[in-house]
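J.: These protein sequences, in sequence, are chains A and B. The first sequence: position 265 = 264 (numbering that gives the first Met the number 0), numbered continuously. The second sequence: position 90 = 89 (numbering that gives the first Met the number 0), numbered continuously. The beta-carbon is built from N, C-alpha and C at its ideal position, and this holds for glycine as well. The structure's right below; bear with me while I get my questions together.
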Amino acid sequence: MYDIAAEHATAIGATIVLVVSLWLALRAFSALARRRVTWALSLVETYRATSGIRKLAGILMLVSGVIHLALIPSHEGITGVLFVIDGLGFIVLGAAAFVTSWWRRPAVLWLWATIVAYVIWIIAGWETPDQVGIACKLIELVALGLVLRLGPPGRRTRPRRLWRAVAFPTLVSVATIGIWIGGLAHPDSLHAHAGALLQPVAEVATPGQRDAAARLLGDTRASIARYRDPAAAIAAGFKPGPVSSADPLRHFVNPANAKAILDPSHPQALVYAQTNHGLRLIGAMYQMPRAGQWGPDPGGPLTQWHQHEGICFSPFGFEFSFETPFWTCPVGSTGVTTPPMLHVWIIDNGKEGPFAADLDKTVQKQLQGS
Amino acid sequence: MSITSPAISANTTASPSSAPEIASVLVVTQASLSLVAGLSAIPFGIVEPGFRVLSVVTILVAIAMFWLARNLRRQGRWARRWVTALEAISLAASLLLMVLPIGAVRGPVPVLVNLMMPAAVLWLLWTRSGRTAFRKPAPSDARGAA
Numbered sequence: 000m001y002d003i004a005a006e007h008a009t010a011i012g013a014t015i016v017l018v019v020s021l022w023l024a025l026r027a028f029s030a031l032a033r034r035r036v037t038w039a040l041s042l043v044e045t046y047r048a049t050s051g052i053r054k055l056a057g058i059l060m061l062v063s064g065v066i067h068l069a070l071i072p073s074h075e076g077i078t079g080v081l082f083v084i085d086g087l088g089f090i091v092l093g094a095a096a097f098v099t100s101w102w103r104r105p106a107v108l109w110l111w112a113t114i115v116a117y118v119i120w121i122i123a124g125w126e127t128p129d130q131v132g133i134a135c136k137l138i139e140l141v142a143l144g145l146v147l148r149l150g151p152p153g154r155r156t157r158p159r160r161l162w163r164a165v166a167f168p169t170l171v172s173v174a175t176i177g178i179w180i181g182g183l184a185h186p187d188s189l190h191a192h193a194g195a196l197l198q199p200v201a202e203v204a205t206p207g208q209r210d211a212a213a214r215l216l217g218d219t220r221a222s223i224a225r226y227r228d229p230a231a232a233i234a235a236g237f238k239p240g241p242v243s244s245a246d247p248l249r250h251f252v253n254p255a256n257a258k259a260i261l262d263p264s265h266p267q268a269l270v271y272a273q274t275n276h277g278l279r280l281i282g283a284m285y286q287m288p289r290a291g292q293w294g295p296d297p298g299g300p301l302t303q304w305h306q307h308e309g310i311c312f313s314p315f316g317f318e319f320s321f322e323t324p325f326w327t328c329p330v331g332s333t334g335v336t337t338p339p340m341l342h343v344w345i346i347d348n349g350k351e352g353p354f355a356a357d358l359d360k361t362v363q364k365q366l367q368g369s
Numbered sequence: 000m001s002i003t004s005p006a007i008s009a010n011t012t013a014s015p016s017s018a019p020e021i022a023s024v025l026v027v028t029q030a031s032l033s034l035v036a037g038l039s040a041i042p043f044g045i046v047e048p049g050f051r052v053l054s055v056v057t058i059l060v061a062i063a064m065f066w067l068a069r070n071l072r073r074q075g076r077w078a079r080r081w082v083t084a085l086e087a088i089s090l091a092a093s094l095l096l097m098v099l100p101i102g103a104v105r106g107p108v109p110v111l112v113n114l115m116m117p118a119a120v121l122w123l124l125w126t127r128s129g130r131t132a133f134r135k136p137a138p139s140d141a142r143g144a145a
């Protein structure tokens with residue numbers, strides 16, 4: 000949901016090409032119009048006579064059409080066929096906005112149907128939401144908002160006025176929530192849970208990788224044993240993270256180890272659990288210097304790194320919530336993407352295992368009650 | 000002889016400047032997105048007291064943005080001032096976050112929502128046609144000032 004699917008990247012290039020081509024074409028037609036070339040004069044006059052709101056709606060529909068056409072090769076079956084119809088429809092309606100008077104109602108229907116269909120496809124799991132698809136929906140939502148503003152005033156009865164006021168915001172909100180629900184309900188194989196993207200790895204570990212993973216666990220356990228007492232960790236330069244009522248785990252981070260790469264003697268953080276008898280050391284966390292930079296995985300699928308994304312972080316109380324698919328967060332918080340991290344749990348982490356992104360829920364409950 | 004078609008003539012009967020209309024549509028879109036962000040933070044507010052406050056503030060800001068969008072469309076000068084202030088703060092904050100290594104702006108969606116939309120609203124309100132549209136005192140100014 001917060002990434003760009005590799006096969007969708009062509010749509011970004013196609014959009015840039017379209018916008019540049021339209022701009023160059025307009026410049027060329029203007030130059031020809033100045034030389035009194037009749038057809039160019041007619042085109043330029045048509046463009047100039049069109050109101051700004053209509054121009055923008057038309058251009059946004061053209062952009063959506065080109066995005067749909069550029070995505071045809073990566074969509075098979077009925078979805079691919081619908082992309083052809085949708086793309087051509089948007090191009091016809093986008094062009095019609097400049098030269099006809101009948102385009103408005105079909106455009107409203109086409110935009111509405113496309114947005115609703117996308118949400119249905121996402122919720123049904125027939126399409127995975129990514130930034131290109133979501134950006135395309137944003138373009139269509141803005142185009143729909145503009146086209147609706149071009150409507151005739153009509154009878155100004157109270158229900159009609161109320162409907163005109165709430166219809167568009169409702170559609171934006173429903174589309175956002177629909178994409179979100181679909182994205183969370185059908186995570187791909189690289190999403191452990193909402194907000195955690197896993198490193199792509201092979202499905203099965205080799206015997207060598209199993210040995211390497213066991214070695215990493217043993218080395219980490221031996222190295223951090225000296226920090227069982229949190230005071231020893233603080234004395235060694237680890238800084239206690241803030242206390243959060245929502246998270247019983249506390250990370251002690253050592254900025255001096257920021258540049259070390261998967262070094263058991265220099266882990267980036269120590270993880271303590273808040274128990275009834277104080278803090279208990281339960282693991283270490285390795286972290287890469289930059290987001291998107293996956294670390295070495297000696298254990299293959301056993302030591303899979305993960306990166307947190309789509310998180311809203313609030314510095315007021317060090318709290319977290321989720322970012323919407325349109326990358327919006329509550330006022331006073333900001334979206335963050337963390338550099339990849341790898342947890343090594345030195346306690347028995349149940350069925351999740353020693354390198355899981357999260358502590359096993361049952362283990363966590365046991366720790367909190369101990 | 001005019002080469003303009005009847006349909007084109009119909010286009011020219013639109014408002015002299017579309018800037019307030021386009022800006023109001025963009026602000027309504029932003030307000031709707033903020034509303035969802037605020038509502039979605041409510042469940043987190045159950046265990047995180049900070050988000051309890053932030054979600055309420057976000058919902059109030061979203062409601063205020065709907066109100067401002069309505070008055071932008073009516074070419075209220077006070078609405079233009081408030082929207083300019085809000086969008087400038089939003090754009091400045093996004094630009095600041097973009098230079099920080101926290102991955103706050105990464106890809107086309109955050110660029111469109113957090114950078115291009117506020118920049119487009121500011122441009123629409125301060126371009127020549129935008130300034131012209133707000134030059135005459137609108138009926139909503141009297142209400143807004145009151």
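Buried or exposed: A/Arg289, going by 16 or more other Cβ atoms within 10 Å of its Cβ?
T.: Counting from one through the first sequence, the residue named residue 289 of chain A turns up at place 290. That one is exposed.
J.: If you count every other CB in all the chains shown that lies within 10 Å of the CB of B/Gln74, and 16 or more means buried, which is it?
T.: Taking the second sequence and counting its residues from 1, the one referred to as residue 74 of chain B is at position 75. It counts as buried.
J.: Please confirm if A/Phe325 has its CB atom under 9 Å from at least one CB of chain B.
T.: Walking along the first sequence from the start, residue 325 of chain A turns up at place 326. With 9 Å as the cut-off, A/Phe325 counts as an interface residue toward chain B.
J.: By the criterion of Cβ-Cβ separation under 9 Å, what are the contact partners of B/Met27 in chain A?
T.: Your numbering for residue 27 of chain B matches position 28 in the second sequence. Note that residue 27 of chain B corresponds to Val in the displayed sequence, not to Met. Here the neighbours are Gly144, Phe167, Pro168 and Val171.
J.: Under the three-state reduction of DSSP, which class applies to A/Cys311: helix, strand or coil?
T.: Here residue 311 of chain A refers to the residue found at position 312 of the first sequence. The answer is strand: DSSP assigns A/Cys311 an E or B state.
J.: Have a look at A/Phe237, A/Leu301, A/Ile310 and A/Ile180 and flag the residue whose alpha-carbon is nearest the alpha-carbon of A/Trp120.
T.: Here the question's residue 120 of chain A lines up with position 121 in the first sequence. Checking every option, the nearest Cα to that of A/Trp120 belongs to A/Ile180.
J.: If you draw a straight line from the C-alpha of B/Met0 to the C-alpha of A/Thr45, how long is it?
T.: Sequence index remark: in the second sequence, residue 0 of chain B carries index 1 (1-based). Sequence index remark: in the first sequence, residue 45 of chain A carries index 46 (1-based). Caution applies to B/Met0, whose pLDDT of 35 falls short of 50 and renders its modelled position unreliable; the model cannot decide the point.
J.: Quick one: grab the DSSP three-state call for A/Tyr285.
T.: To locate residue 285 of chain A, count along the first sequence from 1; it is residue 286. In the structure shown, A/Tyr285 sits in a strand (DSSP, three-state: E or B).
J.: Return the first residue and the last residue of the beta strand (DSSP E) that A/Glu318 is part of.
T.: As a working mapping, residue 318 of chain A is identified with position 319 in the first sequence. Looking at the DSSP string, the run of the beta strand (DSSP E) that includes A/Glu318 is Glu318 to Phe321.
J.: Label A/Thr175 either buried or exposed according to how many other C-beta atoms from any shown protein chain fall within 10 Å of its C-beta, with 16 as the threshold for buried.
T.: The count along the first sequence starts at 1 and reaches residue 175 of chain A at position 176. The residue is buried, with at least 16 neighbouring Cβ atoms inside 10 Å.
J.: Once the 5 residues before and after B/Pro117 are set aside, which same chain residues still bring their CB inside 6 Å of it?
T.: Position 118 of the second sequence holds residue 117 of chain B. Taken in chain order, the residues that qualify are Glu86, Ser89 and Leu90.
J.: Just to make sure I have the definition right: I need the residues of chain B whose C-beta is within less than 9 Å of the C-beta of A/Glu308. Which are they?
T.: Within the first sequence, numbered from 1, the residue matching residue 308 of chain A stands at position 309. Gly102 and Arg105, listed in chain order.
J.: Please classify A/Asp246: does DSSP put it in a helix, a strand, or coil?
T.: The residue you call residue 246 of chain A lines up with position 247 of the first sequence. Note: A/Asp246 maps to strand in three-state DSSP.
J.: Could you check if A/Thr14 is buried or exposed, using at least 16 other CB atoms within 10 Å of its CB as the buried criterion?
T.: Here residue 14 of chain A refers to the residue found at position 15 when the first sequence is read from its first residue. Buried.
J.: Please tell me whether A/Leu87 and A/Trp102 are closer than 9 Å, where the distance is taken between their beta carbons.
T.: Within the first sequence, residue 87 of chain A is the residue found at index 88, counting from 1. Within the first sequence, residue 102 of chain A is the residue found at index 103, counting from 1. Not a contact, by the Cβ cut-off of 9 Å.
J.: Looking only at C-alpha atoms, which of A/Asn253, A/Phe251, A/Thr219 and A/Pro239 sits nearest to A/Leu261?
T.: The residue labelled residue 261 of chain A in the question sits at position 262 within the first sequence. Among A/Asn253, A/Phe251, A/Thr219 and A/Pro239, the Cα nearest to that of A/Leu261 is on A/Thr219.
J.: Starting from A/Thr14, trace the alpha helix (DSSP H) both ways and give me its first and last residue.
T.: Locating residue 14 of chain A in the first sequence gives position 15, counting from the first residue. First-last of the alpha helix (DSSP H) with A/Thr14: Ala8 to Arg33.
J.: Below 8 Å between beta carbons is the criterion; list the residues of the region 260-290 of chain A that meet it against any residue of chain B, in chain order.
T.: Those residues of the region 260-290 of chain A that come within reach of chain B (Cβ to Cβ, closer than 8 Å) are Arg289 and Ala290.
J.: Please list, in chain order, the chain A residues whose beta carbon lies closer than 7 Å to that of B/Val24.
T.: Within the second sequence, numbered from 1, the residue matching residue 24 of chain B stands at position 25. The contacting residues are Val141, Gly144, Leu145 and Arg148.
J.: Between B/Leu71 and B/Ala63, is the Cβ-Cβ spacing less than 9 Å?
T.: Within the second sequence, residue 71 of chain B is the residue found at index 72, counting from 1. Within the second sequence, residue 63 of chain B is the residue found at index 64, counting from 1. Contact flag unset, no.
J.: Assuming the contact rule is C-beta atoms closer than 8 Å, A/Gly294 and A/Met287 should be a hit. Round their C-beta distance to whole Å, please.
T.: As a first step, residue 294 of chain A must be located in the first sequence, where it is residue number 295. As a first step, residue 287 of chain A must be located in the first sequence, where it is residue number 288. With 8 Å as the limit, A/Gly294 and A/Met287 qualify as a contact, their Cβ atoms being about 5 Å apart.
J.: Would you say A/Val146 and A/Ala48 are within 9 Å of each other, going by their C-beta atoms?
T.: Here residue 146 of chain A refers to the residue found at position 147 of the first sequence. Here residue 48 of chain A refers to the residue found at position 49 of the first sequence. Result no, Cβ atoms of A/Val146 and A/Ala48 do not sit closer than 9 Å.
J.: On the DSSP bridge assignment, give the partners of A/Gly334 in chain order.
T.: Locating residue 334 of chain A in the first sequence gives position 335, where the first residue counts as 1. In DSSP, A/Gly334 forms a bridge with A/Cys311.
J.: Quick check on B/Val98 - is its C-beta less than 9 Å from some C-beta in chain A?
T.: Locating residue 98 of chain B in the second sequence gives position 99, where the first residue counts as 1. Chain A contact via Cβ: absent.
J.: CB A/Leu68 to CB A/Phe82, shorter than 9 Å?
T.: For this step, residue 68 of chain A is matched to residue 69 along the first sequence. For this step, residue 82 of chain A is matched to residue 83 along the first sequence. A contact, by the Cβ cut-off of 9 Å.
J.: Taking Cβ-Cβ distances shorter than 9 Å, what residues in chain A pair up with B/Ala86?
T.: As a working note, residue 86 of chain B is residue 87 in the second sequence. At residue 86 of chain B the sequence reads Glu, which differs from the Ala that was named. Going along chain A, no residue has its Cβ under 9 Å from B/Glu86, so there is no contact; the nearest lies around 14 Å.
J.: Please return the same chain residues whose Cβ sits closer than 7 Å to the Cβ of A/Arg227, not counting the five positions on each side in sequence.
T.: Within the first sequence, the letter at position 228 stands for residue 227 of chain A. Leu280.
J.: Quick one: give me the first and last residue of the alpha helix (DSSP H) that B/Val60 is part of.
T.: For the purposes of this step, residue 60 of chain B is taken as residue 61 along the second sequence, with counting starting at 1. Element bounds for B/Val60: Pro48 to Arg72.
J.: With distances taken between CB atoms, is the gap from A/Trp336 to B/Ile41 smaller than 9 Å?
T.: Translated into positions along the first sequence, residue 336 of chain A becomes position 337. Translated into positions along the second sequence, residue 41 of chain B becomes position 42. Strictly speaking, residue 336 of chain A in this sequence is Thr, with Trp absent from that position. Result no, Cβ atoms of A/Thr336 and B/Ile41 do not sit closer than 9 Å.
J.: Measuring CB atoms only, is the region 55-69 of chain B touching the region 27-38 of chain B, in the sense that at least three cross pairs come out at less than 8 Å?
T.: Yes: the two stretches touch, three or more of their Cβ pairs being nearer than 8 Å.
J.: Measure the C-alpha to C-alpha separation of A/Ile11 and A/Leu21 and round it to an integer number of angstroms.
T.: Numbered from 1 along the first sequence, position 12 holds the residue referred to as residue 11 of chain A. Numbered from 1 along the first sequence, position 22 holds the residue referred to as residue 21 of chain A. Cα to Cα, A/Ile11 sits roughly 16 Å from A/Leu21.
J.: Please report the residue range of the alpha helix (DSSP H) in which B/Met116 lies.
T.: As a working mapping, residue 116 of chain B is identified with position 117 in the second sequence. Met116 to Trp125 is the extent of the alpha helix (DSSP H) around B/Met116.
J.: Figure out for me which residue from A/Arg225, A/Tyr271, A/Asp210 and A/Arg214 has the closest Cα to the Cα of A/Gly240.
T.: On the first sequence, position 241 is the one that residue 240 of chain A refers to. Closest option to A/Gly240, Cα to Cα, is A/Tyr271.
J.: So is A/Arg53 in contact with chain B if we call contact Cβ pairs under 9 Å?
T.: By 1-based counting over the first sequence, the position of residue 53 of chain A is 54. Closer than 9 Å: yes.
J.: Between the region 28-38 of chain A and the region 73-80 of chain A, are three or more C-beta pairs nearer than 8 Å?
T.: The region 28-38 of chain A is not in contact with the region 73-80 of chain A.
J.: Given that B/Asn70 touches chain A, what residues does it touch there, using C-beta distances under 7 Å?
T.: Counted from its first residue, the second sequence places residue 70 of chain B at position 71. What B/Asn70 touches in chain A: nothing, since even the nearest Cβ is about 13 Å away.
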